[in-house]
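A.B. asks: Can you read through this structure? Questions will come right after.
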Amino acid sequence: MASGDGARVPEDGGLQELRDILLRKDPEYLTDTVQTVIAEATAGRVEESKEEMAAALAPVLGQAIRHQIAESQDDIIDALYPVIGKAIQRSVAEAMRALADRVDRGLRSTFSLKRVGQRIRARVQGIPESELVLREALPFSVQDVFLIQRTSGLLLCHLSKSADREADSDVIGAMLTAIRDFAQDTLGEQRDGGLDEIQYGNLSIVLEPGPWAYLAVVVDGIAPEGLRHQMRSALSDVNRAYAEPLESFDGELGELAGVEAHLRPLLGEESPGARERGQARAPWLAIAGASAVLLLCLATACFGAWRLTWGRPTPTPTATLTPTVTAVPTLTATATQMPSSTPTSVPTQVPTSTPTSVPSATPSPSATPTSTPFVGVMIGSVWLRAEPRDNSPVTGITVTNGRPVEIVAISGSWYLIRFPPGDASAVQGWVPGQWVGLFAAPPLAILTPGP
Amino acid sequence: MGRAERRLTKKVCLLGDFAVGKTSLVRRSVEGRFDERYLSTIGVKVDRKVLHLPGPDGAVTLNLMLWDLAGGPTIGPVSPSYYRGSAGAVIVCDVTRPETLEGTKHYAEGFQAVNPGAPWVLAANKVDLVEEREVGDEALAQAADSAGVACFLTSAKTGESVESLLSWLGMLLVGRPEGE
């Protein structure tokens, strides 16, 4: 059918109006006419095909938003605030809740005496206890350790938790040096020192300069206070052990064989060399261990008395230490606070207000065998030192993060630790107390005067 | 059992005026992961070239850390701190621009002041642009002779002589095999 209702010819008046609209040159008239239907037309088109409309509008959306921000920034902020504000609020709340959970878990995980231990540690380290608890709750991990020659930027050693970065580590080391030089040239001409840290999101690169080489450590999370000290210590060891090859380094990496053993603790790993050395000491330690077992038996006899005195005013601890290191079991090595009402044949065992032996900064490892080992856990990887001080030589053995250790003695802020706990033949040495987490208040028997 | 291959790492600077083709020259043969935008930001981009060479005491695997340094009239002077610790350099000129050959003297002096005695080689680049070439072989030979260095006619476009140039510099750094 050629004609019908759908092909009706408009009436004369309608045709005339249409003709007027199409032929009229007045743009204002056209705008007025079209704008009454443009919203409906757009809505209709969107209803028909959202994809097509999105594709048509997408190229100009970014530009439109930028334009609108430039024109009326406040309006945009007001419009977005409810959405973005809530998103940020939720994100911060989640982060805080996770942190609070970690803190709570830390506080609940052990009996309340841990809190007492934390209080003591906080006192020793001179920081508020709340900070200590919070600090321990913040997660962090060392991802990469770079040892780089200072002038040339040549990579001397690289340790990583990720195998992906191994291939490009020398190029990364060189670029890092370039960035360091760039910062020094542009910002540091009038200042001492150099670039200390580069931060990117949750990652940071902590830099520690040395005379011939510098250390760069990539940290995920918030680096603990002691990390820089640990880096300085590792770098100092490297510079001391490899002074000559480092000073005259000409690209021959073979001259620096073994340097990674000094850096591995930074990554939270024990060096294979240290493990071997630890095993090599086993026979000698077995003899010392047998002696210590004998001492332990003697100490057991005093255990009941020790329990009775727990919590009393601090007796003078000097009586519990012997000034010499000995593997021979002697009665003087028994580190207990015998009450004066139960005197023994050895007068030096009785705590009195007058010290009966001279306190030593290097208490004997065999001086404090208690019947129950006082156990803590390492919260960082550190070298064992021969004496409780920073400049004491390292023993060549590291104790790694997370390892349970027995605390044999405390001298100032230094702990004499032994691992595995309870094994009298175990490896032992001094570590900074900040790296040992305690589960309980230390027994008074192991407290000794600071150096 | 043969001796283990010696492994060496050396820093080498890539120097020359703006747009002489330093970056393009090595782009084909190096392993790099950093974008060229670094050149216009901190003025340096580092790439790596691994060479296997005969050395005086046996085979050597040489890791050349190539510091591509932005420089020249439009970029500004190269920071001397980037020269530090360099074992050698490649100084590049553009054979279509005679003034860039003059510029090589300036780079050589600056480099030698920081690294006295460190070897370098001259790369006369863009030799593929035959029609536009304005620096002749004689001028290049004279410049190389007066500096006491080798000159290589290179093309970043075709890759001509780039490997030879790097191998030559590598040989200078590790030393020649015995009997050569």
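For the record, the sequence lines run as chains A and B.
Sequential numbering from 8 applies to the first sequence in the working numbering.
Sequential numbering from 60 applies to the second sequence in the working numbering.
Note that the Cβ used here is the ideal one computed from N, Cα and C, for glycine as well.
Fair warning: this is a prediction, and the values are worked out from it, not measured in the lab.
Taking only beta carbons into account, state which residues of the region 140–156 of chain B come closer than 9 angstroms to chain A, listed in chain order.
C.D. replies: For the region 140–156 of chain B, which is checked against every Cβ of chain A, the residues closer than 9 angstroms are S140, Y141, R143, G144, S145 and A146.
A.B. asks: Determine the DSSP secondary structure at B:K69, reduced to helix, strand or coil.
C.D. replies: strand
A.B. asks: Bridge partners of A:D27, per DSSP?
C.D. replies: Partner(s): none; A:D27 has no beta bridge.
A.B. asks: Would you kindly work out how many angstroms separate the C-alpha atoms of A:R288 and B:D106, rounded to a whole number?
C.D. replies: For A:R288, the pLDDT reaches just 44, beneath the cut-off of 50, and the residue's location in the model is therefore unreliable, although a value from the coordinates is still provided. Computed Cα separation, rounded: 46 angstroms.
A.B. asks: Going by DSSP, what residues sit across from A:Y221 in a beta bridge?
C.D. replies: A:I155
A.B. asks: Near B:K70, what residues of its chain come up, given a Cβ to Cβ distance below 7 angstroms and the 5 sequence neighbours on each side ignored?
C.D. replies: M124, W126, G144, S145 and A146
A.B. asks: Please classify A:N398 as buried or exposed, where buried requires at least 16 neighbouring CB atoms within 10 angstroms.
C.D. replies: exposed
A.B. asks: Going by DSSP, what residue range makes up the alpha helix (DSSP H) through A:T43?
C.D. replies: P34 to E55
A.B. asks: Does A:L263 have its Cβ less than 9 angstroms from a Cβ in chain B?
C.D. replies: no
A.B. asks: Just reading off the beta strand (DSSP E) that A:F426 is part of, what are its end residues?
C.D. replies: From DSSP, the beta strand (DSSP E) with A:F426 extends over W421 to F426.
A.B. asks: Do the region 157–177 of chain B and the region 174–191 of chain A touch if we need at least three Cβ pairs shorter than 8 angstroms?
C.D. replies: Segment contact: the region 157–177 of chain B against the region 174–191 of chain A, fewer than three CB-CB distances shorter than 8 angstroms; contact not assigned.
A.B. asks: Give the DSSP-derived three-state secondary structure of A:P216 in the structure shown.
C.D. replies: Coil, per DSSP.
A.B. asks: Within the continuous alpha helix (DSSP H) that includes A:E413, where are the two ends?
C.D. replies: It is not in any alpha helix (DSSP H) - A:E413 instead sits in the beta strand (DSSP E) that spans P411 to S418.
A.B. asks: With a 10 Å radius around its C-beta and 16 neighbouring C-beta atoms as the bar for buried, classify A:A148 as buried or exposed.
C.D. replies: The sequence given here places Ser at residue 148 of chain A; Ala does not occur at that position. So A:S148 counts as exposed.
A.B. asks: Mapping DSSP to helix, strand and coil, what is A:K168?
C.D. replies: coil
A.B. asks: Should A:A102 be listed as close to the ligand SAH, given that the test is whether its C-beta is under 8 angstroms from any heavy atom?
C.D. replies: What this structure holds is no ligand at all, so the ligand SAH is not there to describe.
A.B. asks: Which chain A residues sit within Cβ distance under 8 angstroms of B:T68?
C.D. replies: L161, L162, D177, G258 and L260
A.B. asks: Should B:G102 be flagged as near chain A, meaning a C-beta pair shorter than 9 angstroms?
C.D. replies: yes
A.B. asks: What is the DSSP secondary structure of A:G21, counted as helix, strand or coil?
C.D. replies: helix
A.B. asks: Tell me which residues share the same chain as A:E24 and place their Cβ nearer than 7 angstroms to its Cβ, disregarding the 5 neighbours each side in the sequence.
C.D. replies: none
A.B. asks: Taking contact to mean at least 3 C-beta pairs separated by less than 8 angstroms, is the region 259–277 of chain A in contact with the region 399–411 of chain A?
C.D. replies: Flag = yes, the region 259–277 of chain A and the region 399–411 of chain A touch.
A.B. asks: Is B:V221 close to chain A? Criterion is C-beta to C-beta, closer than 9 angstroms.
C.D. replies: no
A.B. asks: Is any beta-carbon of chain A found at less than 9 angstroms from that of B:M1?
C.D. replies: Here chain B comprises residues numbered 60 to 239, so residue 1 of chain B is not present and cannot be evaluated.
A.B. asks: Taking the continuous alpha helix (DSSP H) assigned at B:T163, which residues delimit it?
C.D. replies: P157 to V173
A.B. asks: Does any C-beta atom of chain B lie closer than 9 angstroms to the C-beta of A:I414?
C.D. replies: No, its Cβ sits nowhere closer than 9 angstroms to a Cβ of chain B.
A.B. asks: Terminal residues of the continuous alpha helix (DSSP H) containing B:R107?
C.D. replies: Premise fails: B:R107 lies in the beta strand (DSSP E), V103 to G114, not in any alpha helix (DSSP H).
A.B. asks: Who are the neighbours of A:T158 on chain B, taking C-beta pairs under 8 angstroms?
C.D. replies: Simply R143 and G144.
A.B. asks: Between the region 204–219 of chain A and chain B, which residues of the former have CB atoms less than 7 angstroms from a CB of the latter, in chain order?
C.D. replies: Residues: none.
A.B. asks: Count the other CB atoms, across all protein chains shown, that sit within 10 Å of the CB of B:I154; report buried if there are 16 or more and exposed otherwise.
C.D. replies: The residue you asked about is not Ile; residue 154 of chain B is Val in the sequence shown. It is buried - the Cβ of B:V154 has at least 16 other Cβ atoms within 10 Å.
A.B. asks: Assess contact between the region 157–169 of chain A and the region 208–228 of chain A, defined as three or more Cβ pairs (one per stretch) separated by less than 8 angstroms. Is contact present?
C.D. replies: yes
A.B. asks: Would you give the residue range spanned by the beta strand (DSSP E) that B:A203 belongs to?
C.D. replies: Where B:A203 is concerned, there is no enclosing beta strand (DSSP E), although the alpha helix (DSSP H) it sits in stretches over D196 to A206.
A.B. asks: Could you check how far apart the C-beta atoms of B:L121 and B:G229 are, in whole angstroms? I think they sit under 8 angstroms.
C.D. replies: 5 angstroms
A.B. asks: Under 8 angstroms between beta-carbons, which chain B residues line up against A:A181? List them in chain order, please.
C.D. replies: K70, V105, M124 and W126
A.B. asks: Pick helix, strand or coil for A:D397, following the three-state DSSP scheme.
C.D. replies: DSSP places A:D397 in coil when its eight states are reduced to three.
A.B. asks: Within a Cβ cutoff of 6 angstroms, which residues of the same chain sit near A:L315, ignoring the five residues on either side of it in sequence?
C.D. replies: Unreliable placement is indicated for A:L315, whose pLDDT of 41 sits below 50; no coordinate value is reported for it.
A.B. asks: With DSSP as the reference, please indicate the residues paired to B:E219 in a beta bridge.
C.D. replies: Its beta-bridge partners do not exist; DSSP assigns none.
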